[in-house]
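Just below is one structure, and these are the notes that go with it.
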Amino acid sequence: MIASCWWFFCLIMVSSYTANLAAFLTTDTIVQPFDNVEELAKKKNIKYGAKADGSTYKFFETSTHGTYQTMYEYMKAHKNDVVVADNDLGIKKAIWEDYAFLMESASLEYEVERNCEVHQVNGWLDEKGYGIALKKNSPFLHDMNTAVLQLLQSGAISDIKKKWWTQKRGGGKCTQNTGTSGAQALDLKNVGGMFVVLIIGTALSCVYTIIELLLAVAQTSKQENVSFKEELLNELKLIAKCSGTKSTRRKNGSSNKSDNGSTRECTPPYGFIPTVIRTSPADSK
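Here is the structure:
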């Protein structure tokens with residue numbers, strides 16, 4: 525019985541691991557058709573564009589980089605098809621068509637946090653910052669610079685961006701969805717039932733063995749006409765020692781051991797292993 529419970533436990537554990545591994549291997553992953561702007565410029569089956577007269581479009585228009593000039597010429601030649609009036613139209617066009625929409629990273633990060641159908645391709649085209657304009661020789665210039673530097677060093681600006689980009693107004697939606705997808709690790713809650721089955725099976729096996737021992741002792745005590753208690757104590761001693769010492773058969777109606785008769789090994793006469801009886805050469809004749 526205990527072997528059956530152990531076999532069943534191992535079977536379910538292996539099956540659970542195999543199922544979880546299969547789910548992990550078959551998890552859908554996003555396959556990007558390109559990894560950078562150079563690859564995008566070479567793609568003939570993917571259109572790309574930007575917002576009309578926006579900062580991104582102006583960047584390509586004034587850039588001296590060879591790849592960026594090529595991309596601007598493409599957008600200029602297909603302006604009616606790839607250049608949109610605002611960012612919302614560009615996002616929708618990227619969802620509906622084989623189209624890559626080029627926009628500022630700050631705006632793109634805001635959209636990606638709320639629209640799980642789009643994602644940002646690695647890398648930036650360029651880097652530029654935002655500033656506060658003041659008139660020349662303004663008395664507030666030093667105070668403004670000091671305040672901005674203090675906000676940067678304290679992390680306040682990063683906290684504000686995190687609050688309004690990833691927490692407020694629907695932010696963080698796609699991050700939460702990504703975190704719950706894919707295969708999950710097996711923990712005690714998933715396989716705890718199997719340990720309960722194993723423990724119960726082991727306990728039942730022990731009870732079954734004890735009952736079988738008692739029945740065997742009762743049968744032997746009747747056959748040899750000795751008390752149940754005495755036979756049980758002798759059997760327990762035999763099990764505890766289990767050193768191959770012989771236990772002789774008693775005469776009917778007597779509790780004294782006799783030197784005559786057969787001997788047996790320490791293996792008890794119950795369970796799945798049969799009793800082995802040794803006979804002397806004289807008995808075999």
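Be aware that the sequence shown starts at 525, since it is given in the numbering used here, and climbs by one per residue. Quick reminder that beta carbons are idealized off the backbone N, C-alpha and C, glycines included.
Per DSSP, Y623 is one residue of the beta strand (DSSP E) stretching across Y623 to L626. With a 10 Å radius around the Cβ and a threshold of 16 neighbouring Cβ atoms, S539 comes out exposed. Taking the CA atoms as reference points, G647 sits about 24 Å from K600. In the DSSP assignment, G573 falls within the beta strand (DSSP E) that extends over K571 to A574. Taking C-beta atoms under 8 Å as the contact rule, G573 and V608 qualify, at a distance of about 7 Å. DSSP, read as helix, strand or coil, puts V608 in strand. DSSP, read as helix, strand or coil, puts T690 in helix. Taking 8 Å as the cut-off, the Cβ atoms of S745 and E736 do not count as close. The beta carbon of K617 sits closer than 7 Å to those of V608, Y623 and F625, all from its chain and outside the five residues before and after it, given in chain order. V645 is not a Cβ neighbour of I615, given a cutoff of 8 Å.
For the 8 Å CB-CB criterion, M627 and K575 form a contact. The residue from A680, S678, K686 and C698 with its alpha-carbon nearest to that of N639 is C698. The straight-line gap separating the alpha-carbon atoms of L676 and H666 is approximately 15 Å.
Classified as buried, F584 has 16 or more neighbouring CB atoms from the shown chains inside 10 Å of its CB. In this structure P557 does not touch K571 by the C-beta definition: roughly 12 Å separates them, more than the 8 Å allowed. In this structure, I684 keeps its C-beta atom at 8 Å or more from the C-beta atom of M668.
For Y634, the enclosing alpha helix (DSSP H) starts and ends at S629 to V636. Taken atom to atom, the span from the alpha-carbon of V636 to that of D650 is near 19 Å. Cβ neighbours of V606 within its own chain (closer than 6 Å, five residues either side excluded): K571, G573 and M599. If you compare the alpha carbons of Q743, I619 and G717 with that of F533, the shortest gap goes to G717. Taking 8 Å as the cut-off, the Cβ atoms of W689 and E633 count as close.
For T588, there is no enclosing alpha helix (DSSP H), as DSSP gives it neither H nor E. In the DSSP annotation of this structure, the continuous segment of the alpha helix (DSSP H) that includes K566 starts and ends at V561 to K566. At the C-beta level, T586 and A565 stay beyond 8 Å of one another. In the three-state DSSP reduction, D577 falls in the coil class, being neither helix nor strand.
L757 and K765 have their C-alpha atoms some 12 Å from each other.
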